[in-house]
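In terms of my numbering, the sequence shown opens at residue 137 and continues consecutively. Even for Gly, the Cβ is constructed at its ideal location relative to N, Cα and C.
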Amino acid sequence: MNQTKGLFVIALALFSLVGCATGNLDGEPYWESISEHLRLAERYQRKKQYSLARTSYLHHIQARLSVKDKPEWENPHFYYLLIGDLFLSEADIPEALKSYDMARKNGVDIGLVSDRYRLVANSLAKNGDFDGAIEILNTYHDYDPLLFDMMRDRLAREKVESEEAQMHGAQ
Numbered sequence: 137m138n139q140t141k142g143l144f145v146i147a148l149a150l151f152s153l154v155g156c157a158t159g160n161l162d163g164e165p166y167w168e169s170i171s172e173h174l175r176l177a178e179r180y181q182r183k184k185q186y187s188l189a190r191t192s193y194l195h196h197i198q199a200r201l202s203v204k205d206k207p208e209w210e211n212p213h214f215y216y217l218l219i220g221d222l223f224l225s226e227a228d229i230p231e232a233l234k235s236y237d238m239a240r241k242n243g244v245d246i247g248l249v250s251d252r253y254r255l256v257a258n259s260l261a262k263n264g265d266f267d268g269a270i271e272i273l274n275t276y277h278d279y280d281p282l283l284f285d286m287m288r289d290r291l292a293r294e295k296v297e298s299e300e301a302q303m304h305g306a307q
């Protein structure tokens, strides 16, 4: 009996995947089933179910990439920024950076991506990792030299202030 239930669950999952790829079973147009991935991702994100949100964003990216007549301005890889933001909210810096890099490599506006690199640096600095924050700014410096230099200068001053406060507190 358990094996039958297991096969039923697998069949149901495959059936829903086929529906997702060809339009849903209620006869909705194909584009509505594609946008469902985005709605799910946003819903999961609001509920802080970040892993499910990331998976839904990835499905949305793939679905939008498969659309032949999408607007010329649309770049589905934009959603890698949102995936990176989810990783950043969980303090998973390496995965956040991978997602932001994926967006950059796939033509997402560099201004949007460089904002995310600065968010990573801010996150590290907020947690007291000034060296890590400055390293991020050095690594991605060429994408926005002026803003990265200004931020790097501010973080260097904050680092010195923090070190001085620790020295005075230890005396």
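Within the stretch 205-260, the complete alpha helix (DSSP H) segments of 4 residues or longer fall at 215-225, 229-241, listed in chain order. When C-beta atoms of the stretch 268-282 are compared with those of the stretch 248-256, three or more pairs fall below 8 Å, so the two segments count as touching. In the three-state reduction of the DSSP assignment, residue 198 falls in the helix class, which pools H, G and I.
Residue 287 and residue 197 have their alpha carbons spaced roughly 32 Å apart. Here residue 269 has 257, 260, 261, 291 as same chain residues with Cβ atoms under 6 Å from its own Cβ, once five neighbours each way along the sequence are excluded. The beta carbon of residue 240 sits closer than 6 Å to those of 249, all from its chain and outside the five residues before and after it, given in chain order.
Taking a contact to require three or more Cβ pairs closer than 8 Å, the stretch 216-234 and the stretch 182-190 qualify as touching.
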